[in-house]
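Following the working numbering, the numbering of the sequence shown begins with 119 at its first residue and continues without gaps.
One structure is given here, and the rest of the page talks about it.
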Amino acid sequence: MNDILNKQEIEAGINDSNSINCQVFGEVDSTNTRMKENVYDGIYDYNLIVSDTQSMGRGRRGRVFESPKGTGIYMSLLIPVNDKRENVLLITSAAAVAVVRAIRNMTDLKPVIKWVNDIYVDGLKVCGILAEAVSNKAGEMYVILGIGINVTTEIEALGENARNIAGALFDGAAPVTRNEIISAVVNEFYEIYHNISDREYMGDYRKYSMVIGKDVRYSSSEGWAEGKALDIDNDGGLIVEADGKRLTLNTGEITLRLR
Ligand code: BTN
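Laid out in structure tokens, this is it:
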């Protein structure tokens, strides 16, 4: 299948109401960084940037997001949040549900969400999400929503660290193009985002969680602690039971305890 990133194809697949102007690159340092520079420079021509590869793809907590050429999706969406500031913290979980819904609708795969924002298929991470808030010179706030998906990425193309946890949606030829996946993710995201304050999508965030009901290790101020993940609240917080007490994890990271 012809899988060349293409502006016209991506835009044709996006619902008109989402008014997306997409910029496609062969290579950038990072689509999030490029979008951030645009905001600093007052350039708002493009609200979706995608690239065939990234030389300095970034993950959460300063990690590298390896971005081999031609086999993955590296995309950043510019979201003005001035009138929706109270919902900024929900954007990551909304994006995770959008990716899961898009992939489930287009393929037979059964992606699930590892709190907060990683998407797994068959026990391997296939997608990461990095949402960054930025303000322009006028003080208007935007969220740059970066999504990286390993579509046909060969694990050998990744470094040693990623190789231990990463997978790809497809082994070899994909039945859908990257253009189609990008459009579907954008549509699913805006479907949620238009009504984000009703938090209806949280039902799917819980339904597709690979964490609820599992024993987890989580990072706390005193180091690593252990507990059982009971539920996810309507703000996206993970409710954990540890030593007979309940607590809600709002940020940070968990590691699923291996059995
Ligand atoms: C993570 O897994 O920690 C988050 C990874 C986010 C990667 C995407 S790829 C597109 C966008 N540009 C970046 O530099 N990072 C995000």
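Where a beta carbon is used, it is the ideal one built from N, C-alpha and C, also for glycine.
Name the DSSP bridge partner or partners of Glu-145? Thr-171
For Ser-253 and Phe-307, what's the separation of their Cα atoms in angstroms? 22 angstroms
How many Å lie between Lys-346 and Glu-250 at the Cα? 29 angstroms
What is the rounded straight-line gap between the Cα of Gly-151 and the Cα of Arg-296? Contrary to the premise, residue 151 reads as Thr rather than Gly in this sequence. Whole-angstrom Cα-Cα distance: 21 angstroms.
Within 6 angstroms: the Cβ of Ser-148 and any heavy atom of the ligand BTN? yes
Within 10 angstroms of its Cβ, does Gln-172 collect 16 or more other Cβ (buried), or is it exposed? buried
Quick one: does Val-206 have its CB under 7 angstroms from some CB of chain C? Included in the structure is just one protein chain, with no chain C present.
Look at the alpha carbon of Gln-126 and the alpha carbon of Asp-361, and state the distance between them as a whole number of angstroms. 55 angstroms
Nearest residue (CA-CA) to Asp-201, options Asn-368, Gly-257 and Gly-277: Gly-257
Stretch-stretch touch, CB-based, cutoff 8 angstroms, three pairs: the segment 176 to 184 with the segment 218 to 228: no
Helix or strand or just coil, what does DSSP make of Glu-371? coil
Near the ligand BTN: Phe-183 beta-carbon under 6 angstroms from a heavy atom: yes
Measuring from the CB of Tyr-319, is there a heavy atom of the ligand BTN at a distance below 6 angstroms? no
Between Met-174, Thr-189 and Leu-123, which lies nearest to Asp-289 when the distance is taken from Cα to Cα? Thr-189
Runs of beta strand (DSSP E) lying entirely within the segment 247 to 271, each at least 3 residues, in chain order: 259 to 268
Less than 6 angstroms between C-beta atoms, sequence neighbours within five positions excluded: which residues of the same chain meet that for Leu-348? Ile-357 and Glu-359
Assuming Met-320 is part of the alpha helix (DSSP H), what are its boundary residues? 320 to 325
Measuring only from the beta carbon, is Arg-281 closer than 6 angstroms to any heavy atom that is part of the ligand BTN? no
Pairs of beta-carbons, one from the segment 321 to 336 and one from the segment 272 to 280, closer than 8 angstroms: are there three or more? no
Alpha-carbon to alpha-carbon, Glu-298 and Ala-220: 10 angstroms
DSSP three-state assignment for Arg-377, whether helix, strand or coil: Because the pLDDT at Arg-377 is just 40, under 50, the model does not fix this residue reliably, and the value given afterwards should be weighed accordingly. Reduced to three states, the DSSP call for Arg-377 is coil.
Rounded to a whole number of angstroms, what is the C-alpha to C-alpha distance between Asn-368 and Gly-355? 5 angstroms
Mark Lys-363 as exposed unless 16 or more other C-beta atoms lie within 10 angstroms of its C-beta, in which case mark it buried. exposed
Boundaries of the alpha helix (DSSP H) in which Arg-281 is found, first to last residue: 278 to 281
May I ask which residues mark the beginning and end of the alpha helix (DSSP H) holding Ala-286? Looking at the DSSP string, Ala-286 is not in any alpha helix (DSSP H), and its letter there is neither H nor E.
Going by DSSP, what residues sit across from Arg-335 in a beta bridge? Glu-344 and Thr-373
How about the segment 139 to 154 and the segment 230 to 245: do they share at least three Cβ pairs that are nearer than 8 angstroms? no
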